[in-house]
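Heads up, the numbering used here is the position in the sequence shown plus 801, with the first residue counted as 1.
Notes for the one structure printed next.
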Amino acid sequence: MEIGSCGTPPQWRNKEPAAGDTADRRAPHPDFGPPCAASDRGARAVGTEPQAHDRPRGDGGRERTCPTAAAPRGAVGGVPDDNRAARSPRRVSRCGPRWGEGIASVEPERVSELSDLLAHARASRTGAGGRAVIIRTASGMWCRELLVEFTERQRRAGAAPVLVSCQHRDAREPFAALRQLLTGLGDATQPAGDDRFDELRRALPHTAPEDHGRPLFDELYEVLLPAVRRCPRVIVVDHAQWMDDASLRWFAHLVRRLTRLPLLVVLGVRVDDDLPARDALDDIGAQAACHESTLRPLSVHSAGELVQRAYAGRVPEDPFVRLCHHVTGGVPAYLARLIDTQLQAGLPPELGPIRSGVHLDGRPRQTRADHIRRIAARIEAAAVTTRLARQPERVRALAQTTALFGDGADLDIVADLMGTGPDRLDGPLAELVRVGVLRGTPPGGRLSFRTPELRDAVHDTIPETLLRDRHVRAARRLGDYGAPPTRVAEHLLRIDTLHVDDHAWAGAVLYEAGRAALAAGATLRCAEYARRALRDDPAAEHRARLLVLLGRAEVPTAPEAAARHLEEALRLLTDPAERAEAVLELCHAHVLRQGDSVEAVMRPARDAAARLGELVERDCPDPDVRLRLRAIAHLGGPAAGTEVRSERAARSGLDHAAAEVTGVTAGERELLAAFASDSACRAEPSGIALDLIERALAGEPPRGSASALLLLRSVVVLAWAGRLDEARAWAGSLTAAIPIGPAHSRIGLPAVVAHCLCADIALRAGNLAEALAEARTAGRLARGPELSALTQLTRVQLARIRVVLGQYDAATTMLRGALGVPRARATALGVRARCRHAAGDPRGALADHLECGRRLTELGIANPALSDWRGGAGLALVDLDRRTEAAPLFEEGLELARRWGAPAPIGEALRNRARIEGPRGAIRLLEESVAVLEQSGARLQLAESLVESGRVYALAGQPAAARLALRRGMGLAQECGWDLLVERAHKDLLACGGRLRRTSLSGPGSLTPSERQIAELAAAGHTNRAIAESLCVTRGTVEVHLTHVYRKLGISGRTALSTRLASTQ
């Protein structure tokens, strides 16, 4: 492709002449005036075949250089560019401007700058006098490409330009840039046999001249004058900020005399790089013949064109282009590198999830926007640290010292660590702001990096051998200035080993930092501080305190490990108050690590808590701690003959709590929740338990490991009582009550249990899709090694939902893993019993129900809201034609349900009792069941009672009532996504004379194959355009299908698609 032809105005295009057509090659060009009389050799400069030249070395020898040859990508005149990695053809194969295409074809913004340069060149050759242009630009703006394009156009116009590219080391070598210039002038302008430029180049000294070089400057000017008069010249210098002082003074000398010469001098300066020659450049810019120009960032439109070309013409999404433009600031080099990373990863030019699914903590996987922002920040950080490496030593030292402290570093402390005063850092600070390392220093002297990635990149430049010593010194300085312990401890975390003299000091700092982190709810950070302090092998007394701190931090996330550390601490502690604190946390750990089922939370093993409580109850000086220990011990299943004493203790606790009008202590609140859970397990009237729960939850939201037990019991009691909205709200606050770090606030035992509770609540409310999503999330969260004990809880919960959905094989597989452990829970047996019964095995279901009941009775749990094993066993007996044995079970279940008073257990018990009644009695019981359930939020129970009543109405010869009940039940089942009940109701409806109609008017089952396919793609994060392209349909078709999907599913947009579709997967 012709240079500059693509996207370039027609008057700029300069077609190559035919081979040997010297007349066309020498023809005048409208932009450049008459052709010069230079020879073919003189017309050759940048962009032609490389020309080798001798260049003197500092040791007196010669080296072969090619300063004016067409440089490969990433180098100009043999000098590597500062952003060559971002624009290398091997790295950016389709993004940046390539040789032979022209900068204007990629960056429309550069058309204006290129036009200005061409106008200056034209003016300098048409008698208006010479002039200079300084292009001041930030790094990465593709200034080099612009200068190369301009130089190439001048060459093709017959101007014989010379391109000089300075390197950073040239600033320390006198006349380095001038030697390059003389080499280029000697090749481009000299007649054959005239070696005056070569002689001058060899005569240049290697030291700075004491007389400022005026004689030498005058001599060079006199030699240059006839050459320029023979043919107008163009001198282009890239990276002029690195030019040595002697060469810069000569250029200043030349610019002052440009009005007499047909010469154009163009200097490219990176203003955010090292600028040792700033004053001299400012002096040149102040001359009357000098003009200044600034390269602008790319516009959004230009960025879109670059992205489209990189993706081989594929039209990118507008949000994708705008985000890429925003995060790179329109800097072409950063944008090209960013797009290259997306191409190498095979990612399309659109936003959305990189891959479907969620993280183990339940959060959505990293979105495409997050990925782009992170990559862009790293690209910028790499470029800035490259520029920082060229700064003076004092500037680099200030950046590295600031990186030790991170954002918000105090200038006084930084200066103290550097052994200087803050006022002496004004210059280096200004340089760091100029090169883009630091933000402008705000009032108060706090220093901050522009991005966290940049801070990490600067920190990585500190040599490993110095890193430990610097962090120790930084921690000491922060401690001397009274910084918070957590800030001091951050430096100690970065050190693997400390000197033995620092162990005691560091251990004390880490202990205080851990306590502060634990008080703030950052338990993960607290555990890191404690583990770091334990690595230094502290004394026994201090080790015991650290173990207690570590155990307290691990209780919410790793109760098994917490129990081990707390037990070791108890062997070392001697102080009664400290032992009481350790015992209390150990009790919490024992209870929580057994929390693999609801009965384990409501009735945990009592022996361990009672034994531990007896160890310290007599010696514990804190009455509230004693109260909390008794609350934990009270949770265990009652022994024979202790039920009366338990009720008396509950009344005593209520009297004690009533006496405290305000300021209920933590121990009293935990004891109230313990009494409430005990009352609920024994199926006492729900009003008693609810009153206790309300008092336990009154006041400030609970926090800490004890709050996990309080909230778990409260949510379970509320759910059993049918207060589903309140239960859902408190379940959602469970993770907030025990935060374990800002970045991991949804990981840990509270999160797993909270999602299981939410799944149970959603199932009770009839939201099958939500229940399935919550159970799946809980299963992903429980994959960690410390949470493997919770796998049974998540498996049982998911199996319960699978049984309702009729997915018996999947439920059986999950239950096989849950029941394969030695300590299988009663609820798991109850779920397997329902699965067996639904699969046609009533005998096996009966055995499981009876065993479930036996285990729950041993635990003292009689409430049918947890597991209606009596009703399940009775139904199995009915199917086995043993109705007389089923009647007492139905009666006992109904009696307990009525005593508890919640609508859902009563409605279920009434429906079960109707199975052994005649038509008239069954209708009466089912009508009562429907009436009770209509006052609750238990939609699944209501739908099942309606369908069952419709069947009984049909048997009793009441087809109209049967059809009405069946249609109501079928509609409610469709709303819940219970396709199994919908199918059963539809069969019964047809059998009693109902009209044959489409059964799925709404819900996931009503979707056509095309609607479902589009809905699944939209739920996976694909845009309408991407869906249309993949299915070869129009975007309008996709929009119409999605409109139908939203209406049928009863949702307002695609954000709820994945949850709503989950029930049928």
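Even glycine gets a Cβ: it sits at the ideal position worked out from N, Cα and C.
Here the structure is a predicted model, which is why all the values come from computation and not from measurement.
Residue i in three-state terms, based on DSSP
{"i": "residue 1236", "result": "coil"}
{"i": "residue 1518", "result": "helix"}
{"i": "residue 1852", "result": "coil"}
{"i": "residue 1261", "result": "helix"}
{"i": "residue 1094", "result": "strand"}
{"i": "residue 984", "result": "helix"}
{"i": "residue 1247", "result": "strand"}
{"i": "residue 1168", "result": "strand"}
{"i": "residue 1100", "result": "coil"}
{"i": "residue 1306", "result": "helix"}
{"i": "residue 1132", "result": "coil"}
{"i": "residue 1869", "result": "Given a span of 802 to 1866 for the chain in the structure shown, any question on residue 1869 remains unanswerable."}
{"i": "residue 1702", "result": "coil"}
{"i": "residue 1113", "result": "coil"}
{"i": "residue 951", "result": "helix"}
{"i": "residue 1534", "result": "coil"}
{"i": "residue 1149", "result": "coil"}
{"i": "residue 1697", "result": "helix"}
{"i": "residue 1664", "result": "coil"}
{"i": "residue 1005", "result": "coil"}
Distance, residue j Cα to residue i Cα
{"i": "residue 1375", "j": "residue 1550", "result": "31 angstroms"}
{"i": "residue 1015", "j": "residue 1007", "result": "16 angstroms"}
{"i": "residue 926", "j": "residue 936", "result": "20 angstroms"}
{"i": "residue 1512", "j": "residue 1554", "result": "11 angstroms"}
{"i": "residue 1494", "j": "residue 1701", "result": "15 angstroms"}
{"i": "residue 1574", "j": "residue 1147", "result": "30 angstroms"}
{"i": "residue 1788", "j": "residue 1716", "result": "20 angstroms"}
{"i": "residue 1051", "j": "residue 959", "result": "26 angstroms"}
{"i": "residue 921", "j": "residue 1091", "result": "11 angstroms"}
{"i": "residue 942", "j": "residue 1250", "result": "22 angstroms"}
{"i": "residue 1473", "j": "residue 1821", "result": "46 angstroms"}
{"i": "residue 1152", "j": "residue 1238", "result": "29 angstroms"}
{"i": "residue 1258", "j": "residue 1230", "result": "18 angstroms"}
{"i": "residue 1288", "j": "residue 1279", "result": "8 angstroms"}
{"i": "residue 1707", "j": "residue 1817", "result": "39 angstroms"}
{"i": "residue 1498", "j": "residue 1535", "result": "12 angstroms"}
Residue interval of the alpha helix (DSSP H) (run including residue i)
{"i": "residue 761", "result": "Outside the displayed range of the chain (802 to 1866) lies residue 761, so it cannot be described from this structure."}
{"i": "residue 1823", "result": "Residue 1823 -> no alpha helix (DSSP H), and no H or E assigned at all."}
{"i": "residue 966", "result": "Per DSSP, residue 966 belongs to no alpha helix (DSSP H); it is in the beta strand (DSSP E), 963 to 966."}
{"i": "residue 1199", "result": "1194 to 1206"}
{"i": "residue 1073", "result": "Note, residue 1073: premise wrong, no alpha helix (DSSP H); not H, not E."}
{"i": "residue 1487", "result": "1487 to 1497"}
{"i": "residue 1363", "result": "1360 to 1373"}
{"i": "residue 976", "result": "Careful: residue 976 lies outside any alpha helix (DSSP H) and carries neither H nor E."}
{"i": "residue 1771", "result": "1760 to 1777"}
{"i": "residue 1602", "result": "1592 to 1605"}
{"i": "residue 1833", "result": "It is not in any alpha helix (DSSP H) - residue 1833 carries neither H nor E in the DSSP assignment."}
{"i": "residue 1286", "result": "1286 to 1294"}
{"i": "residue 1720", "result": "1720 to 1734"}
{"i": "residue 1676", "result": "1670 to 1680"}
In DSSP terms, what residue i is bridged to
{"i": "residue 1067", "result": "934, 1037"}
{"i": "residue 1221", "result": "DSSP, once it has assigned bridges, lists no residue as partnering residue 1221."}
{"i": "residue 1480", "result": "Looking at the DSSP assignment, residue 1480 forms no beta bridge with any residue, so it has no partner."}
{"i": "residue 1691", "result": "Partner(s): none; residue 1691 has no beta bridge."}
{"i": "residue 1211", "result": "1247"}
Anticipated Cβ contact below 8 angstroms, residue i with residue j, distance rounded
{"i": "residue 1529", "j": "residue 1562", "result": "5 angstroms"}
{"i": "residue 1521", "j": "residue 1664", "result": "6 angstroms"}
{"i": "residue 1337", "j": "residue 1307", "result": "7 angstroms"}
Residue i CB to nearest heavy atom of the ligand PLP below 7 angstroms
{"i": "residue 1323", "result": "Judged by which ligands are present, the structure shown has none, so any question about the ligand PLP falls away."}
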